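Peer 1: One structure, as structure tokens, below. Some questions next.
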Amino acid sequence: MIYEKLLDFPKDFLWGASTSAYQVEGAWDEDGKSPSIIDMYEHPKEYADFKVASDHYHRYEEDIALFAQMGLKAYRFSIAWTRILPQGTGEVNQAGVEHYRNMIRACRKHGIEPVVTMYHFDLPWCLEEKGGWNNRATIDAFVEYCAVLFREYGDEVTYWLTINEQNTMILHPGAIGLPKGGKLPSRKELYQQNHHMMLAQARAMKLCHQMCPKGKIGPALNLTAMYPATCDPADSIAAHNWEVLRCWNFADVPVYGWYHPLGWRYLEDRGIAPEVLEGDRETLAGANPDFLAMNYYSTATIAASRGDASDVAPRAGDQQIMLGEQGVYRPAENPYVGKTKYGWVVDPVGFRSTLRRAYERYRLPILITENGIGAPDTLEADGTIHDQYRIDFLRDHLEQIRLAITDGVEMLGYCPWAALDVVSTHQGYAKRYGFIYVDRDEFDLKELRRIPKDSFYWYQKVIAQQGKNL
Ligand code: BGP
């Protein structure tokens with residue numbers, strides 16, 4: 004659609020940026036925090052671990068002041084369950100509660116809206132030892148944890164995110180590290196875990212509406228539009244298959260209270276549908292999220308399945324690299340899009356498609372909670388970081404948000420990944436995302452100095468001009 008006039012970004016648009024607790028905080032065993040699965044899982048030895056990360060736990064005041072200098076209107080961060088309830092349930096750790104209260108207040112002091120993710124991959128290890136998300140007791144534990152957050156911060160936080168990228172945890176369980184011994188759960192177990200997370204999420208949303216009358220809550224999924232590799236109708240079916248199984252089967256449940264019809268049929272056909280107990284449907288119904296949070300990095304291009312093992316690519320995948328699934332889809336190349344150094348498709352126009360599709364399906368306002376480009380930034384001898392590739396990436400994606408707004412999509416804000424450099428899930432500090440450079444190497448912590456990159460000054464201007472001159 005070519006418009007006569009583009010709409011502006013809304014006046015109260017949340018110009019923000021994101022992080023997650025385990026990737027940025029460090030202080031992994033301080034002030035009463037217990038280990039999470041992230042602390043206990045195996046990660047590649049050649050990259051930084053999560054023990055110190057960017058030391059945000061100790062430096063959040065300095066960091067939030069820098070965010071304010073950049074002009075941020077929102078900061079999306081996650082709370083570590085293991086700081087609030089070190090035993091997963093039961094006794095509340097006041098030091099953890101105070102820490103996040105201080106962070107929320109530091110945001111407010113600078114006029115920054117805190118956007119709180121309650122769970123970003125870091126299940127308490129003590130709960131994992133009791134079966135983790137296989138165990139229905141973890142549902143109650145999550146709801147208990149959420150109740151503590153709503154009680155403690157309900158007056159000071161408006162935007163809540165339930166679970167970050169549940170679809171990544173189920174479809175790419177190895178993405179967040181490998182359990183000792185390297186054995187991942189079976190698909191049957193994963194979809195049972197998924198069902199339990201869905202129940203936990205629905206209960207958390209209902210509880211939020213009861214306990215925080217001003218609160219707004221939504222799921223945060225990794226969404227990706229799929230293109231058919233050709234106009235062969237069989238490719239189109241395959242692209243739809245995978246778009247449903249990767250995206251909508253996860254987003255339909257919080258919004259509509261049940262799985263996508265095709266998604267559910269697939270689970271039944273493969274013998275991996277979860278056990279549904281009496282009362283589960285009632286629990287899932289009527290959770291009424293207030294918005295949809297979306298992490299968007301790339302699109303995928305999909306060809307028809309050949310129905311044999313050759314559907315699956317013989318290489319390593321991650322949350323953005325589609326590997327294929329026998330009888331469902333085959334990954335295909337797209338000559339019209341770019342790729343990052345790490346093989347992630349760069350597709351700003353696909354962002355607009357994904358936004359349109361998500362809004363069309365759910366008619367909920369959309370908050371972008373991640374989007375960005377990982378790169379090995381270089382700190383120059385004069386202390387500057389010239390990350391023009393990041394500016395290009397973000398500008399191109401913001402242009403598409405503006406088009407999507409003009410298309411009629413209701414947008415709440417944009418919180419790209421990441422506010423400052425964090426430990427990448429797969430590549431430590433070799434792959435950076437931040438507007439602010441954190442001066443450390445994989446193993447040499449140096450002084451962890453904060454240095455604004457070129458993108459920091461660019462984003463500052465974008466925000467000051469309300470995105471008018473991208
Ligand atoms: C998302 C996760 C983030 C972050 C990001 C970048 O899937 O929600 O936590 O890690 O991906 O991923 P990576 O660090 O692997 O490049």
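Residue numbers (the working numbering): 4 to 473.
For each residue, glycine too, the CB sits at the ideal point set by N, CA and C.
In this text the structure is predicted, and so the values were computed from the model without any measurement.
1) Rounded to whole angstroms, what is the Cα-Cα separation between glutamate 101 and histidine 61?
2) Can you find the residues in the same chain that come closer than 6 Å, C-beta to C-beta, to leucine 406, ignoring five residues on each side of it along the sequence?
3) Can you list the beta strand (DSSP E) stretches of 3 or more residues lying completely in the region 86–123, in chain order?
4) Considering only DSSP beta bridges, list what lysine 219 is partnered with.
5) Kindly indicate which residue of Gly470, Gly411, Gln463, Gln430 has the alpha-carbon position closest to the one of tyrosine 6.
6) Given this structure, state the Cα-to-Cα distance separating glutamine 26 from alanine 71, to the nearest angstrom.
7) With which residues is isoleucine 305 paired in a DSSP beta bridge?
8) Here's the rule I'm using: 16 or more other beta-carbon atoms within 10 Å means buried, otherwise exposed. How should histidine 389 be labelled?
9) Please go through the region 392–470 and give each complete alpha helix (DSSP H) segment of 4 or more residues, from N-terminal end onward.
10) List the residues that DSSP assigns as beta-bridge partners of glycine 297.
11) For phenylalanine 80, does the three-state DSSP call read helix, strand or coil?
12) Less than 8 Å between the C-beta atoms of alanine 98 and aspartate 34, yes or no?
13) Specify the secondary structure class of proline 257 as computed by DSSP and reduced to three states.
14) Note down, one range per segment and in chain order, each beta strand (DSSP E) of at least 3 residues found wholly within the region 155–207.
15) Going by other Cβ atoms of all chains shown within 10 Å of its Cβ, with 16 needed for buried, is alanine 319 buried or exposed?
16) Which partner residues does tryptophan 18 have in the DSSP bridge list?
17) Which of the three DSSP states is assigned to alanine 378 in this structure?
18) Give the range of the alpha helix (DSSP H) segment to which arginine 62 is assigned.
19) Excluding five sequence neighbours on each side, which residues of the same chain lie with their C-beta closer than 8 Å to the C-beta of isoleucine 369?
20) How big is the Cα-Cα spacing for isoleucine 404 and aspartate 11?
21) In the DSSP assignment, find the alpha helix (DSSP H) that holds proline 47 and state where it starts and stops.
22) Leaving out the 5 sequence neighbours to the left and right, which residues in its chain are closer than 7 Å to leucine 326 when beta-carbon positions are compared?
23) Can you name, in chain order, every residue of its own chain whose Cβ lies under 8 Å from the Cβ of lysine 191, other than the five neighbours on each side?
24) When DSSP labels each residue in this structure, what does glutamate 28 get in the three-state scheme?
25) Would you mind working out which of Ser189, Gly157, Ala207, Lys76 sits nearest proline 222, comparing C-alpha positions?
26) Could you pull the start and end residues of the alpha helix (DSSP H) that phenylalanine 354 belongs to?
27) Express the C-alpha separation of aspartate 143 and glutamate 159 in angstroms, rounding to a whole number.
Peer 2: With the given structure in hand:
1) Within the sequence shown, the letter at position 98 stands for residue 101. Within the sequence shown, the letter at position 58 stands for residue 61. Taking the straight line joining both Cα atoms gives about 13 Å.
2) One-based indexing of the sequence shown puts residue 406 at position 403. Hits under 6 Å: Arg355.
3) 116–122
4) The count along the sequence shown starts at 1 and reaches residue 219 at position 216. Tyr162.
5) The residue given as residue 6 occupies position 3 in the sequence shown. Ranking the options by Cα distance to tyrosine 6, first place goes to Gly411.
6) Numbered from its first residue, the sequence shown carries residue 26 at position 23. Numbered from its first residue, the sequence shown carries residue 71 at position 68. Cα to Cα, the separation comes out at about 21 Å.
7) Here the question's residue 305 lines up with position 302 in the sequence shown. According to DSSP, which records beta bridges pairwise, isoleucine 305 is partnered with Pro231, Pro334.
8) Reading the sequence shown from its first residue, position 386 is the one you call residue 389. Exposed, by the Cβ-count rule.
9) 457–467
10) On the sequence shown, position 294 is the one that residue 297 refers to. The question names glycine, but residue 297 in the sequence shown is methionine. Beta-bridge pairing links methionine 297 to Leu224, Ile371.
11) Looking up residue 80 in the sequence shown gives position 77. In the structure shown, phenylalanine 80 sits in a strand (DSSP, three-state: E or B).
12) For the purposes of this step, residue 98 is taken as the residue at position 95 of the sequence shown. For the purposes of this step, residue 34 is taken as the residue at position 31 of the sequence shown. It is a contact, given that the beta carbons lie within the stated cut-off.
13) Your numbering for residue 257 matches position 254 in the sequence shown. Note: proline 257 maps to helix in three-state DSSP.
14) 162–167
15) Here residue 319 corresponds to residue number 316 of the sequence shown, with the count starting at 1. Exposed, by the Cβ-count rule.
16) As a first step, residue 18 is located in the sequence shown; it is residue number 15 there, counting from the start. Answer is Tyr417.
17) As a first step, residue 378 must be located in the sequence shown, where it is residue number 375. In the structure shown, alanine 378 sits in a strand (DSSP, three-state: E or B).
18) One-based indexing of the sequence shown puts residue 62 at position 59. Residues 59–73.
19) The residue you call residue 369 lines up with position 366 of the sequence shown. Here the set comprises Phe294, Leu295, Ala296, Met297, Leu358, Ala361, Tyr362, Val412, Glu413, Met414, Leu415.
20) Here residue 404 refers to the residue found at position 401 when the sequence shown is read from its first residue. Here residue 11 refers to the residue found at position 8 when the sequence shown is read from its first residue. About 10 Å.
21) Residue 47 sits at position 44 when you count from the first residue of the sequence shown. Premise fails: proline 47 is in no alpha helix (DSSP H) and is neither H nor E.
22) Counting from 1 along the sequence shown, the entry for residue 326 is found at position 323. So the qualifying residues of the chain are Val315, Ala316, Gly320, Pro334.
23) Taking the sequence shown and counting its residues from 1, one reaches residue 191 at position 188. Only Gly274, Ile275 meet the Cβ criterion.
24) Working through the sequence shown from its first residue, we reach residue 28 at position 25. In this structure, glutamate 28 counts as coil in the three-state DSSP scheme.
25) By 1-based counting over the sequence shown, the position of residue 222 is 219. Closest option to proline 222, Cα to Cα, is Ala207.
26) Along the sequence shown, one-based indexing puts residue 354 at 351. First-last of the alpha helix (DSSP H) with phenylalanine 354: 351–365.
27) Reading the sequence shown from its first residue, position 156 is the one you call residue 159. Reading the sequence shown from its first residue, position 140 is the one you call residue 143. Whole-angstrom Cα-Cα distance: 24 Å.
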